[in-house]
Amino acid sequence: MVRQSLKSRTGTIKPGVGLALTATSLLALSACSDPGAAASANAAATTTVTSAAKTFNLTPEQDRFPVTVDKAAAALVPEAIKKDGTLTVAVSPFAPPLAVYATDNKTPVGNEVDIAVALAQTLGLEAEIVPTAWADWPLGVESGKYEAVLSNVTVTEERKLKFDFASYRDDKLGFYAKSDSGLTKVESAADVAGKRVIVGSGTNQESILLRWDEENKAKGLKPVEFQYYDDDSASNLALQSGRADLTFGPNATAAYKAATDEKTKLVGLVDGGWPLKASIAATTRKGNGFAAAAQAGLNHLIEDGTYGKILDRWGLSSEAVAKSELNPTGLPKS
75 MVRQSLKSRT
85 GTIKPGVGLA
95 LTATSLLALS
105 ACSDPGAAAS
115 ANAAATTTVT
125 SAAKTFNLTP
135 EQDRFPVTVD
145 KAAAALVPEA
155 IKKDGTLTVA
165 VSPFAPPLAV
175 YATDNKTPVG
185 NEVDIAVALA
195 QTLGLEAEIV
205 PTAWADWPLG
215 VESGKYEAVL
225 SNVTVTEERK
235 LKFDFASYRD
245 DKLGFYAKSD
255 SGLTKVESAA
265 DVAGKRVIVG
275 SGTNQESILL
285 RWDEENKAKG
295 LKPVEFQYYD
305 DDSASNLALQ
315 SGRADLTFGP
325 NATAAYKAAT
335 DEKTKLVGLV
345 DGGWPLKASI
355 AATTRKGNGF
365 AAAAQAGLNH
375 LIEDGTYGKI
385 LDRWGLSSEA
395 VAKSELNPTG
405 LPKS
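Take the sequence shown: its position 225, counting from 1, is numbered 299 in this note's numbering, and each next residue is one higher.
Here's what the structure looks like:
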């Protein structure tokens, strides 16, 4: 696979070759945090995506924020990783704004890529970004093919048996309504009673909604009407035509859609592990020591403001963390 070096402090990007995911396979991204459940697998990239709220640069020429080396964090990088001067990071470029192929259809760009590049630089390394099908990252990390994964991975207690983590985002699920809908707030189970809600089958958000529905029915409230669609276009049509009241899925991708087409609005945020908090984290091989360096590097980026600028750039400020945690409490095994 040929490497492509990009300008403006981008790190090294490995173009994607023959990588594709269908909307169905994107459902496997995570039982807890599936960015593809509410995103089109083949989101079209334009030079910029503009709305009244946000402008997203989807060109391969990313003018990223300058990053300074944190010597203390860099000193924590294991010698086995620092010896070649690069940090090999797997990302899954199939769900904007987390990661998506740029307008050249081969260069990954997005929030996860920006965080990976900035993290590598603050540790005195160059990021080597490798496009990876989401289902392939666990074996890649265990085998040493990837030194880190930044791909919307939710921390779970089961995953902590095999991997170490440094958190960098809160895992949030979002309720979205049509932009001119009279619905303005979804905060608890009672707010979805009697509503027609689009949700991904077999996802964590479906599990949460099922529990809310049972709570409502026990109180004599109207049941939720669950709606399931095989693709994003059908889901969008159902919401815009008034056949559904709400969509419920990963907030990151839904927020991007709302910002770019202005056809939907956020009416409620829920922790991805409701009623528990869930964390998205940089994922590394168990026991190799790199997670501690990643945590220190991420905290440096948080403290100097770079982290906040990156999340704001991609419309994800609502998912920001105050500090990176090393192996935070994960979601329990279901």
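Backbone N, C-alpha and C define an ideal beta-carbon position, used for all residues, glycine too.
Status (buried if at least 16 other CB within 10 Å, exposed otherwise) for residue i
i: Ala111; result: Its pLDDT being 40, under 50, Ala111 is placed unreliably in this model, and the value from its coordinates should be taken loosely. Ala111 is buried by the Cβ-count criterion.
i: Asn179; result: exposed
i: Pro297; result: exposed
i: Asp319; result: buried
i: Leu283; result: buried
i: Asn167; result: According to the sequence displayed, residue 167 carries Pro and not Asn. The residue in question, Pro167, is buried, as its Cβ has 16 or more Cβ neighbours within 10 Å.
i: Asp306; result: buried
i: Glu202; result: buried
7 Å Cβ shell around residue i - same chain, five flanking residues per side excluded
i: Ala176; result: Ala119, Leu132, Thr133, Pro134, Val183
i: Ile384; result: Phe139, Asn185, Asp188, Ile189, Ala192
i: Lys234; result: Asn401, Gly404
i: Gly346; result: Cys106, Ser107, Thr228, Asp245, Lys246, Leu247, Asn278, Ala352
i: Pro406; result: Glu231
i: Trp348; result: Ile282
Cut-off 6 Å between Cβ atoms - residues of its own chain near residue i, not counting five sequence neighbours on either side
i: Gly363; result: Pro152
i: Ala148; result: Leu197, Gly198
i: Ala329; result: Gly389
i: Glu393; result: Arg243, Asp244, Lys246
i: Ser275; result: Tyr302
Pairwise C-alpha distance: residue j and residue i
i: Asp137; j: Ala190; result: 15 Å
i: Leu400; j: Ser315; result: 45 Å
i: Gly198; j: Val215; result: 21 Å
i: Thr96; j: Ala146; result: Low per-residue confidence applies at Thr96: pLDDT is 31, beneath 50, and the placement is therefore not dependable enough to give any value.
i: Ala115; j: Ser309; result: In this predicted model, Ala115 has a pLDDT of only 33, less than 50, meaning its place in the structure is not dependable enough to derive any value.
i: Leu350; j: Thr160; result: 36 Å
i: Ala173; j: Val165; result: 7 Å
i: Ala326; j: Pro171; result: 7 Å
i: Ile354; j: Ser225; result: 9 Å
i: Asp210; j: Gly294; result: 45 Å
i: Asp265; j: Gln195; result: 45 Å
i: Asp254; j: Leu313; result: 11 Å
i: Asp304; j: Ala207; result: 20 Å
i: Phe300; j: Arg270; result: 6 Å
DSSP-derived helix/strand/coil call for residue i
i: Pro402; result: coil
i: Asp305; result: coil
i: Val223; result: strand
i: Glu200; result: strand
i: Gly214; result: helix
i: Val174; result: strand
i: Phe139; result: coil
i: Val183; result: strand
i: Leu425; result: Only positions 75 to 408 of the chain appear in this structure, which leaves residue 425 out of reach.
i: Leu257; result: coil
For residue i: DSSP bridge partner residues
i: Lys339; result: Ala251
i: Asp386; result: DSSP, once it has assigned bridges, lists no residue as partnering Asp386.
i: Glu299; result: Arg270
i: Val165; result: Pro205
i: Thr356; result: Note that residue 356 is Ala in the sequence shown, not Thr. According to DSSP, Ala356 bridges with Ala240.
i: Phe322; result: Phe249, Val273
i: Asp345; result: Lys246
i: Thr230; result: Leu405
i: Leu350; result: Gly347
Own chain partners of residue i with C-beta closer than 8 Å, once the 5 adjacent residues on each side are dropped
i: Ile376; result: Gly382, Val395, Ala396, Lys397, Ser398
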